[in-house]
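J.: For the sequence shown, the working numbering gives the first residue as 383, with consecutive numbering after it.
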Amino acid sequence: MKKSLLVIAQQGYQDREYAGTRAALVGGGVDIEVASTEAGACLGKLGGTETAAKALRDVTVTAYDAVVFIGGPGAEALASDAHALSVARAAVEANILLGAICIAPLILAKARVLDGRKATVWDSGGEQAALLERYGAQYTGDSVTVDGRIVTANGAGATDEFARSLLALI
């Protein structure tokens, strides 16, 4: 069975992106494990709760077929988290499918894995797109962008297409 790591923020993950991505992957026969800054309770932006089985520092990336970062306001903190950046880099180095939705592509940008690649991000007035480009990405503005083994999406409205793209590549 294929296995995917879903990475969510301890506080403020995007509930709809998480639930929709998880449901689609599970429906496609993918086993899911959840990680966050610390193992334990996580609180969604819309009030949902989830339990992270692992802290990011304890993740062995090669145990997964895909690593997916979920967005929401809390994902911004992950973009400065050394363990989150390390997980993103390790996924690319091991040629493991890497996904990020909403603001989470900023994590990939700061991990320096989008240099020279096409990507999209939730953009509130140009700031996030500019950040992607500052880290070497080619911002597409599309709802979902696939570049090799990296899939990025721009928010909750793109969740279904994002999940389908991940499933097609897993």
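Don't be surprised by glycine CBs; every beta carbon is placed ideally from N, CA and C. Since the model is a prediction, treat every value here as computed from it, not as a measurement.
Pick out the complete beta strand (DSSP E) segments inside the stretch 466-537, 3 residues or longer, and give them in chain order.
T.: Within the stretch 466-537, the complete beta strand (DSSP E) runs of at least 3 residues are 479-483, 526-529 and 532-535.
J.: Taking the alpha helix (DSSP H) that Gly456 belongs to, which residues open and close that run?
T.: For the purposes of this step, residue 456 is taken as the residue at position 74 of the sequence shown. Note, Gly456: premise wrong, no alpha helix (DSSP H); not H, not E.
J.: Let's test the definition: count the other Cβ atoms within 10 Å of the Cβ of Val503 and tell me whether it reaches 16, buried, or not, exposed.
T.: Position 121 of the sequence shown, counted from the first residue, corresponds to residue 503. When all chains shown are included, Val503 counts as buried.
J.: Taking only the alpha-carbon atoms, compute the straight-line gap between Ala437 and Val389 and give it to the nearest angstrom.
T.: Start at 1 with the first residue of the sequence shown, and residue 437 comes out as number 55. Start at 1 with the first residue of the sequence shown, and residue 389 comes out as number 7. Spanning the two alpha carbons is a distance of roughly 10 Å.
J.: According to DSSP, is Gly422 helix, strand or coil?
T.: Along the sequence shown, read from residue 1 onward, the residue named residue 422 stands at position 40. Strand, per DSSP.
J.: Spatial neighbours of Asp524 within its chain, please: CB distance less than 7 Å, with the 5 preceding and 5 following residues excluded, ordered by chain position.
T.: Counting from 1 along the sequence shown, the entry for residue 524 is found at position 142. Here the set comprises Thr502.
J.: If you drop the 5 nearest sequence neighbours on each side, which residues of the same chain put their C-beta closer than 6 Å to that of Ala466?
T.: Here residue 466 is taken as the residue at index 84 of the sequence shown, counted from 1. So the qualifying residues of the chain are Leu438, Leu460 and Ile489.
J.: Should Ala435 and Glu415 be called a contact, given that it needs their Cβ atoms to be closer than 8 Å?
T.: As a first step, residue 435 is located in the sequence shown; it is residue number 53 there, counting from the start. As a first step, residue 415 is located in the sequence shown; it is residue number 33 there, counting from the start. The answer is yes: Cβ separation under 8 Å.
J.: Leaving out five residues before and five after Ala493 in sequence, what residues of the same chain have Cβ atoms less than 7 Å from its Cβ?
T.: Counted from its first residue, the sequence shown places residue 493 at position 111. Closer than 7 Å at the Cβ level, and outside the excluded window around Ala493, lie Leu467, Ala470 and Arg471.
J.: If you reduce the DSSP assignment to three classes, tell me which class Leu428 lands in.
T.: Start at 1 with the first residue of the sequence shown, and residue 428 comes out as number 46. If DSSP states are grouped into helix, strand and coil, Leu428 belongs with coil.
J.: With distances taken from CA atoms, which of Phe544, Asp397, Met383 and Tyr395 is nearest Leu480?
T.: On the sequence shown, position 98 is the one that residue 480 refers to. Out of Phe544, Asp397, Met383 and Tyr395, Phe544 has the C-alpha closest to the C-alpha of Leu480.
J.: Would you call the CB atoms of Tyr446 and Ile478 closer than 8 Å?
T.: As a first step, residue 446 must be located in the sequence shown, where it is residue number 64. As a first step, residue 478 must be located in the sequence shown, where it is residue number 96. Yes, the pair counts as a contact, with Cβ atoms nearer than the cut-off.
J.: Rounded to whole angstroms, what is the Cα-Cα separation between Val533 and Gly394?
T.: Here residue 533 corresponds to residue number 151 of the sequence shown, with the count starting at 1. Here residue 394 corresponds to residue number 12 of the sequence shown, with the count starting at 1. Answer to the nearest angstrom: the Cα atoms are 22 Å apart.
J.: Could you tell me the boundaries of the alpha helix (DSSP H) in which Ala545 lies?
T.: Here residue 545 refers to the residue found at position 163 of the sequence shown. Counting along the chain, the alpha helix (DSSP H) containing Ala545 begins and ends at Thr541 to Leu551.
J.: Please state the DSSP three-state secondary structure of Gly410.
T.: Residue 410 sits at position 28 when you count from the first residue of the sequence shown. DSSP places Gly410 in coil when its eight states are reduced to three.
J.: Tell me where the beta strand (DSSP E) around Tyr395 begins and ends.
T.: Numbered from its first residue, the sequence shown carries residue 395 at position 13. It spans Gln393 to Tyr395 - the beta strand (DSSP E) in which Tyr395 sits, taken as one unbroken run.
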